[in-house]
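If you count by my numbering, then the sequence shown holds residues 5 to 102, one letter each, in order.
All residues carry an ideal CB built from backbone N, CA and C; glycine is no exception.
Structure first, commentary second.
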Amino acid sequence: MNTIQDTDDLERAYRLRIAQRREHLAAHIDEETLAYLEAEFETNLPCYQTRDPATGHRIAPDPIAAALRDGQREVVLWLRHEIAQYRNNKQPTTEQEE
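In structure tokens form, the structure reads like this:
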């Protein structure tokens, strides 16, 4: 077997899978959903909290809560990135139009 051809086939299959994933995300996750996730998980707040966001009382920083908030924020950022990549790849370039 030709390993270069196999590698090219794997690369094409991988790129197709990524494109399908991005298309699915763009079709099912809209800006309203992302805004809900950001509000629900309070991703706009710093990871380490020294005050309770609800009451304003001082609290001890909790590394587990910080890790959770950071992870939730990263998921929202990843979703935004994947959807943006899908939209960017769907826009025709000037070379394709000519």
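Contact check for I87 against I33 passes: the beta carbons are separated by less than 8 Å. For Q53, no alpha helix (DSSP H) run applies, since DSSP gives it neither H nor E. Checking the DSSP bridge columns, you'll see R62 partnered with R55.
Counted as a single uninterrupted DSSP element, the alpha helix (DSSP H) harbouring I68 occupies residues P67 to K94. A distance of 8 Å or more separates the beta carbons of Q76 and P65.
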